[in-house]
Each structure stands twice: as structure tokens, then as C-alpha cells.
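Engineer: Residue numbering for the sequence shown follows the numbering used here, starting at 80 and increasing by one per position. Don't be surprised by glycine CBs; every beta carbon is placed ideally from N, CA and C.
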Amino acid sequence: MKVRDSQLQVLWMARIDYLKNSGVKMHTHDFYQLQLIIDGEGIIEINGQSYPVLANHCYIFEKNIPHEFHFSKETITIDAKFSLSKDLIQLIESSNLMGACKVNNIDEFKQLFQLSSANLKNPNNLLPFQIDVGFKSALLGMLQDKITEYNSFKNQLKIPVRETDEGFPMVQYLKQNLQSKVSLEEMAAHFGFHPHYLIELFKKNLGTTPMQYLQSLRLEKAKEYLEFTSYSVSEIAELVGFTTPYFSRLCCERLGMPPTQIREQMRTVVGKDIVLEQDFIIDSQPSIY
Numbered sequence: 080m081k082v083r084d085s086q087l088q089v090l091w092m093a094r095i096d097y098l099k100n101s102g103v104k105m106h107t108h109d110f111y112q113l114q115l116i117i118d119g120e121g122i123i124e125i126n127g128q129s130y131p132v133l134a135n136h137c138y139i140f141e142k143n144i145p146h147e148f149h150f151s152k153e154t155i156t157i158d159a160k161f162s163l164s165k166d167l168i169q170l171i172e173s174s175n176l177m178g179a180c181k182v183n184n185i186d187e188f189k190q191l192f193q194l195s196s197a198n199l200k201n202p203n204n205l206l207p208f209q210i211d212v213g214f215k216s217a218l219l220g221m222l223q224d225k226i227t228e229y230n231s232f233k234n235q236l237k238i239p240v241r242e243t244d245e246g247f248p249m250v251q252y253l254k255q256n257l258q259s260k261v262s263l264e265e266m267a268a269h270f271g272f273h274p275h276y277l278i279e280l281f282k283k284n285l286g287t288t289p290m291q292y293l294q295s296l297r298l299e300k301a302k303e304y305l306e307f308t309s310y311s312v313s314e315i316a317e318l319v320g321f322t323t324p325y326f327s328r329l330c331c332e333r334l335g336m337p338p339t340q341i342r343e344q345m346r347t348v349v350g351k352d353i354v355l356e357q358d359f360i361i362d363s364q365p366s367i368y
């Protein structure tokens, strides 16, 4: 028995890296598509109008609307094709999202791609449902600033509000100082607390110590750099405040493999179709030039 979301189903997902001066010719399809630009430049044409390709922006292609894209430099994208229920179609179409839309929750889309990649390697009946719900939540979160009546739609669609650590000011401080040398004493002084009280505060709210949490933040950010950028291992280590040997050792201890292997594992799914709905078939793939 399939367990899928009734309002939105992610049919297919892929990370596609385009070479300079490559792209996809004009085409249409009978499903919705979201193209997220991780990095790159170029031009996207939607229904006769041209828009610039911008990093950390996405483009939504509605059903049966002609579109094409051309990239003037190497571009990294995450591409998702999905179906929508009538109420969400009305929401998307009324939002006037033609053109570039700034994505503030880009990490959510990256995590959904990682889940899709995990499902490709080790299929799990619950993962597609988790991806559906996560994609819907991320999509509506992205539309929040565009739609004045978002709250009424949120109540109507009964989307759960997830509690996160984003509002915890100490976490924001750590995220802003990933590259810097941060000590417990400096952090405590910044917030006017005794170091012991800061440790108690973290353990109560996050179940760990400040320095252990900082290490986890750095490792997660480093893993993202390995998967979605071309920075060298030593450059990534420096960007997150690690020495290269320590970074390599930490990856082996915490992630089970060295940084180079983590990157190589991700490369095996770049450009590969990740089909989340078994009945989904693209009758004719658009031409890539």
C-alpha cells in the first residue's frame, strides 16, 4: 500500500550540473517543475518572457507553460517535478511567481534531495511520503512572503509548524562564527553568562554542550560544501574552522568515510533520475545542448 501525500507528490528529483553555454530547449510538460539554482548564471525564458538566472533562487514552471534555459557559466541545480491538488494549484497560480523567487529556506530543499538520494540507494516506503510533506512545507514557506493570505491557507491545509533551534540566540551566534575560533568563555562573555550556566542552558534546550553543538554545526556545513560546491577539502576545512587533518579524522569518525569519499558518493547521483513515483514516465526528455 502506497503512503503518499494527497495534496502534493514529488514525482522525480535530480541534481543536474550544467556546463558553461549549455541548457535545455523550449518545451512543456503536464506536471509542475521547480528548478532551484544553487550556483550559476544564465537566462530562463518562461512563456515568452526572459528572467536572469540567480543563485539561491528558484523558478516554478506551471503545467503546459513553454520554458527553456541557457547557462552562461557552470551552474548547479536541483530539479523537482511534482503533482498538485486543485487547492494547491490555485495557491501557486494566484501567487504570481513567474520569474526568480528568492529561496530563504534553501537548506530544506537540499535535505529533500539528500533524502531522495538515500531512497534511490535504499528504498523505503515512508521516505517518499516524508519527501512529499517536506517539499510541500518548504514550498509554502517559500511562498509566504508572496502571498498575503498565507496564514488562512496554512490553517486550511493544516500544515504543522515545526519547532527548530533557529530562535535560540546562542545557536545563531555559533552559526555566524563557524569559521572563527570560538571558546566557551568568549561565548559566555558575549551573552553575559557564566560558562557553567551556558552549558546547562544548552543541555536543557539542545541536549548537548555548546562546543559539541558547534562541532556538529561545522561538520554539517562542511558536508554541505562537499556535496554542493567544488571547494577543495582543505578550503572547506578552513571555511568551517577545522584543520584539514582534524576535518578528515572527524568525517571518518562521525560520517564513516573520509571527505573525498563523501564527495565521490554524491557525484554518483549527480545527473541521475530519482523517480519517487513508480508510475511517473517522461514521454520525451527535453533536449540538452
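Hey, would you say Q114 sits closer than 7 Å to D158, going by beta carbons?
Structural biologist: Along the sequence shown, read from residue 1 onward, the residue named residue 114 stands at position 35. Along the sequence shown, read from residue 1 onward, the residue named residue 158 stands at position 79. Yes, these two residues count as a Cβ contact at 7 Å.
Engineer: Under 8 Å Cβ to Cβ from G350, same chain only, skipping five residues before and after it: list those, please.
Structural biologist: On the sequence shown, position 271 is the one that residue 350 refers to. Counting only Cβ-Cβ distances below 8 Å, and skipping sequence neighbours, we find A93, R94, I95, D96.
Engineer: Would you mind sorting Q251 into buried or exposed? The rule is 16 or more other CB atoms within 10 Å of its CB.
Structural biologist: Numbered from 1 along the sequence shown, position 172 holds the residue referred to as residue 251. Exposed is the call here.
Engineer: Suppose the cutoff is 7 Å on Cβ atoms and the five residues either side in sequence are ignored; what does the same chain contact list for K300 look like?
Structural biologist: Reading the sequence shown from its first residue, position 221 is the one you call residue 300. Cβ neighbours of K300 beyond the five flanking positions: L257, V319.
Engineer: Can you tell me where the beta strand (DSSP E) holding L90 begins and where it ends?
Structural biologist: Translated into the one-based positions of the sequence shown, residue 90 becomes position 11. Per DSSP, L90 belongs to the beta strand (DSSP E) from 87–97.
Engineer: Which residues does DSSP pair with D352 in a beta bridge?
Structural biologist: For the purposes of this step, residue 352 is identified with residue 273 of the sequence shown, where counting begins at 1. Beta-bridge pairing links D352 to no other residue.
Engineer: By Cβ distance below 6 Å, which residues in the same chain neighbour A197 in space, the five residues on each side in sequence not counted?
Structural biologist: Counting from one through the sequence shown, the residue named residue 197 turns up at place 118. Contacts found: none.
Engineer: Residue range of the beta strand (DSSP E) that S129 falls in?
Structural biologist: Taking the first residue of the sequence shown as position 1, residue 129 is located at position 50. 128–132 is the extent of the beta strand (DSSP E) around S129.
Engineer: In the DSSP assignment, what residue or residues form a beta bridge with Q112?
Structural biologist: Along the sequence shown, one-based indexing puts residue 112 at 33. Paired residues: F140, K160.
Engineer: Taking 7 Å as the cut-off, decide whether the C-beta atoms of L298 and Y292 are in contact.
Structural biologist: Mapped onto the sequence shown, residue 298 falls at position 219. Mapped onto the sequence shown, residue 292 falls at position 213. Not a contact, by the Cβ cut-off of 7 Å.
Engineer: Going by beta carbon distance, what residues of the same chain come within less than 8 Å of Y310, once the five residues before and after it are set aside?
Structural biologist: In the sequence shown, the residue the question calls residue 310 occupies position 231. Cβ neighbours of Y310 beyond the five flanking positions: Y304, L318.
Engineer: Evaluate L90 with the Cβ neighbour count: other Cβ atoms within 10 Å of its Cβ, from every protein chain shown; 16 or more gives buried, anything less gives exposed.
Structural biologist: Stepping through the sequence shown from its first residue, residue 90 is reached at position 11. The residue in question, L90, is buried, as its Cβ has 16 or more Cβ neighbours within 10 Å.
Engineer: Quick test of your reading: K215 and L87, contact by CB under 8 Å. State the CB separation rounded to the nearest angstrom.
Structural biologist: In the sequence shown, residue 215 corresponds to position 136, counting from 1. In the sequence shown, residue 87 corresponds to position 8, counting from 1. So it is a contact: roughly 4 Å between Cβ atoms.
Engineer: Starting from N303 and walking both ways along the alpha helix (DSSP H), at which residues does that stretch end?
Structural biologist: Reading the sequence shown from its first residue, position 224 is the one you call residue 303. The identity of residue 303 in the sequence shown is Glu, whereas the question assumes Asn. Per DSSP, E303 belongs to the alpha helix (DSSP H) from 289–307.
Engineer: Is the CB-CB distance between S151 and G102 below 7 Å?
Structural biologist: Counted from its first residue, the sequence shown places residue 151 at position 72. Counted from its first residue, the sequence shown places residue 102 at position 23. Not in contact: S151 and G102 (Cβ atoms no closer than 7 Å).
Engineer: Going by beta carbon distance, what residues of the same chain come within less than 6 Å of I185, once the five residues before and after it are set aside?
Structural biologist: Within the sequence shown, the letter at position 106 stands for residue 185. Contacts found: N135.
Engineer: From the DSSP output, which residues share a beta bridge with G121?
Structural biologist: Within the sequence shown, numbered from 1, the residue matching residue 121 stands at position 42. Looking at the DSSP assignment, G121 forms a beta bridge with V132, F150.
Engineer: Please tell me whether Y138 and I117 are closer than 7 Å, where the distance is taken between their beta carbons.
Structural biologist: Within the sequence shown, numbered from 1, the residue matching residue 138 stands at position 59. Within the sequence shown, numbered from 1, the residue matching residue 117 stands at position 38. No, Cβ-Cβ distance for Y138 and I117 is not below 7 Å.
Engineer: Between the Cα of T156 and the Cα atoms of L163, Q112, Q169, S295, which residue gives the shortest distance?
Structural biologist: What you label residue 156 is simply residue 77 of the sequence shown in a count that begins at 1. Taking only the C-alpha atoms, the option nearest T156 is Q112.
Engineer: In terms of DSSP beta bridges, what is I168 paired with?
Structural biologist: Translated into the one-based positions of the sequence shown, residue 168 becomes position 89. Partner(s): none; I168 has no beta bridge.
Engineer: Report buried or exposed for E306, applying the criterion of at least 16 other Cβ atoms within 10 angstroms of its Cβ.
Structural biologist: In the sequence shown, counting from the first residue as 1, residue 306 sits at position 227. Its Cβ being crowded by 16 or more others within 10 Å, E306 is buried.
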